[in-house]
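Report on the structure given below.
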Amino acid sequence: MLLELVAVAFWAMLPAYVPNNVAVLAGGGTPIDSGRTMGGRRLLGDGKTWRGTAVGTLAGFVLAQALTALAPVVLRTTGVAVPTFPVTAAFGLAFGAMLGDITASFLKRRTGRERGASFPVVDQLDFVAGALGCAALLDFAWFSTTFSLPVLGVVVVLTPVLHVATNVVAYVLGLKDEPY
Ligand code: CTP
Ligand code: MG
Ligand code: K
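The numbers in UniProt numbering rise by one with no breaks, and the one at position 43 of the sequence shown is 43.
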């Protein structure tokens with residue numbers, strides 16, 4: 001049933017959704033590229049920092065542990081078998097989300113987009129591609145049982161909607177400079 005599918009997809013992706021938002025709050029300090037340039041443009045830019053990346057990854061990882069502890073309770077009370085996260089999957093989703101976002105910044109700089117410029121579609125799906133790719137690489141058995149084709153379909157549709165909504169909220173609250 002659709003609602004159950006959406007719940008499972010959302011739960012499975014939560015450790016990948018949280019890192020980028022936590023990075024916005026935790027960002028600052030030394031940029032990963034230390035100011036280095038490539039072809040006259042920044043390698044990544046000031047928006048990708050060591051602190052934002054580390055704290056974001058840690059937040060996603062810790063959240064996955066909490067969800068794993070809660071999963072049996074959800075099953076008992078609602079009958080929905082939401083996924084649990086082995087450490088490999090937890091780290092893959094959290095770090096992969098940050099890596100996808102960093103990769104997108106690399107591509108933005110190579111295509112002449114300044115820090116904060118929008119890159120439609122890439123902005124909304126970079127972290128999904130990174131998270132799923134890293135999780136699949138680190139724990140394919142978990143990945144293939146958790147992300148069935150229907151769940152993957154829901155993720156691809158649901159994520160851009162959620163991403164746009166949270167960024168607009170962060171922008172309105174003054175936490176983010178642009179609403180994307
Ligand atoms: N952030 C960070 N480290 C990361 C990702 C994000 O410190 N790995 C923080 C930065 O303060 C960044 C903010 O979160 O400015 C918003 O993230 P994002 O929109 O991804 O970065 P932008 O500043 O828009 O830069 P870019 O154009 O490279 O995406
Ligand atoms: Mg941005
Ligand atoms: K981004």
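Note that beta-carbon positions come from the ideal geometry of N, C-alpha and C, so glycine has one too. None of these values were measured; they are calculated from a predicted model.
Terminal residues of the alpha helix (DSSP H) in which residue i lies
i	result
E4	2-26
residue 197	Residue 197 lies beyond the range of the chain shown here (1 to 180); nothing can be said about it.
L70	50-78
8 Å CB neighbourhood of residue i in its chain, flanking five on each side removed
i	result
A129	G100
R110	M38, G39, R41
L75	A81, V82
Residue environment, residue i, which counts as buried when at least 16 other CB atoms sit within 10 Å
i	result
L3	exposed
V172	exposed
L67	buried
D123	buried
Residue nearest to residue i in terms of C-alpha spacing, selected from the options
i	options	result
V55	V155, A135, N21, E178	N21
residue 183	A7, A170, V6, P19	Residue 183 falls outside the range modelled here, since the chain spans only 1 to 180, and no answer is possible.
F143	T57, A90, L67	A90
L125	Q65, L162, T146, R113	L162
G35	P86, F119, R115, G153	R115
T145	A81, N167, L107, K176	A81
A9	A170, V156, G45, A117	V156
L63	F119, S118, D177, T84	T84
Same chain only: Cβ atoms within 7 Å of residue i, ignoring 5 sequence neighbours per side
i	result
A97	A16, P19, N20, G60, F127, G130, A131
Report task. May I have all residues whose beta carbon comes closer than 7 Å to any heavy atom of the ligand K, sorted in chain order? Result -> Any residue whose Cβ sits closer than 7 Å to a heavy atom of the ligand K makes the list: N20, D101, A104, S105, D123, D126.
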